[in-house]
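Heads up: the sequence shown is residues -26 to -1, 1 to 92, going by mature numbering (1 follows the signal peptide of the UniProt record, and there is no 0).
Below is one structure, written out as structure tokens; the observations come after it.
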Amino acid sequence: MAISKNVPASIFLIISFLLILQFDYSDETSMNTNGFDSAPSSVPAPAPVPSSPLPPKIDCGERCSERCKLSSRPNLCHRACGTCCARCNCVPPGTAGNEDVCPCYANMTTHGGRKKCP
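Pasting the structure below:
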């Protein structure tokens, strides 16, 4: 007698589970008029490929050597300049100033709020 009471409950659970699976699957795909599955509607269109390539990487070592050649602390200058150059792909010309040429380089600061790049 105990088995016959559990059979309808088991059948109800199985049917409920199958209906939930069918409902979830029908949300992911839709049928076209020709009967074939189409791509899910939530998939975004592929991004367009940029027409121009990225600018070439500059030689940070050479540019920083030029920038730091008159520094009183050349090792510190080279390290800071190298970090800034790697992040911005730009080093202002000359040994000081000309920061308007590379705004990224000029605006980078340390945690203390001081200018990072020489």
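Where is the CB? At the ideal position from N, CA and C, for every residue including glycine.
- Comparing alpha carbon positions, the residue from Arg88, Gly86 and Cys64 closest to Lys31 is Cys64.
- The Cβ neighbour count for Arg88, taken over all protein chains shown within 10 Å, is under 16; the residue is labelled exposed.
- Shown here, Thr84 sits in coil according to DSSP, grouped into three states, outside any helix or strand.
- Apart from the 5 residues on each side of it in sequence, Cys62 sits with its Cβ closer than 7 Å to the Cβ of Cys76, Cys78 and Tyr79 in its chain, given in chain order.
- Only residues of its own chain outside the window of five on either side were considered, and among them none has a CB closer than 6 Å to the CB of Asp74.
- For Ser39, the enclosing alpha helix (DSSP H) starts and ends at Cys34 to Cys42.
- A distance of 8 Å or more separates the beta carbons of Cys51 and Met82.
- Going by DSSP, Ala54 is part of the alpha helix (DSSP H) stretching over Pro48 to Cys62.
- Straight across, the Cα-Cα distance linking Gly35 with Pro29 is about 18 Å.
- With respect to the C-alpha of Ser46, the residue from Val(-20), Ser(-11), Phe(-15) and Pro92 having the closest C-alpha is Pro92.
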